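Q: Take a look at this one; I'll ask things after.
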Amino acid sequence: MEDFVIDACCWHVEAEDPRFKKRALEHFRARYTILLEFYREQQLLRDPEFGLHVHHWSDFEIRKSDLTPEGFELFNWCLRKWNPAFGEAHTDQHLTPWKRRLSRMRRAA
Numbered sequence: 058m059e060d061f062v063i064d065a066c067c068w069h070v071e072a073e074d075p076r077f078k079k080r081a082l083e084h085f086r087a088r089y090t091i092l093l094e095f096y097r098e099q100q101l102l103r104d105p106e107f108g109l110h111v112h113h114w115s116d117f118e119i120r121k122s123d124l125t126p127e128g129f130e131l132f133n134w135c136l137r138k139w140n141p142a143f144g145e146a147h148t149d150q151h152l153t154p155w156k157r158r159l160s161r162m163r164r165a166a
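Okay, so the sequence shown: first residue is 58 according to my numbering, each after it adds one.
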């Protein structure tokens with residue numbers, strides 16, 4: 058299995074104007090905290106401890122090898138469309154498309 062980074066905090070932060078880098082970091086942390094909890098609950102992480110104790114979010118990255126095959130497939134379907142507004146990433150409301158897609162995937166399996 059080829060392994061590679063599928064998302065990294067630094068990609069999001071470095072794309073921002075210097076005035077907004079801190080906000081981008083916090084936004085990334087908030088949305089990934091919720092997403093990783095959902096992945097953990099749905100058993101989509103290879104290691105359920107992954108992402109529980111991130112000390113430096115600026116160094117955080119998620120690799121294909123961190124996810125189960127089902128988790129990677131879901132990530133591919135949803136990530137490009139996933140962009141919760143600043144300040145709203147701390148709720149799981151923005152995970153609705155992820156939940157719907159996972160439900161469809163599991164019904165089809």
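Ideal placement from N, C-alpha and C gives every residue a C-beta, glycine not left out.
Predicted model, so just to flag it, every value in this text is computed and none were measured.
Between A72 and the rest of its own chain, which residues show a CB-CB distance below 8 angstroms, the 5 nearest in sequence each way excluded?
A: A81
Q: With a cut-off of 8 angstroms, do at least 3 Cβ pairs link the segment 130 to 138 to the segment 108 to 118?
A: no
Q: Please report the residue range of the beta strand (DSSP E) in which A65 lies.
A: Per DSSP, the unbroken beta strand (DSSP E) holding A65 starts and ends at 62 to 65.
Q: Is the Cβ-Cβ distance between E127 and M162 less than 8 angstroms?
A: yes
Q: Measure the CB-CB distance between F77 and W114 and report whether it falls below 8 angstroms.
A: no
Q: If we count the other Cβ atoms within 10 Å of its Cβ and call it buried at 16 or more, is V62 buried or exposed?
A: Here V62 is exposed: its Cβ has fewer than 16 other Cβ atoms, across all protein chains shown, within 10 Å.
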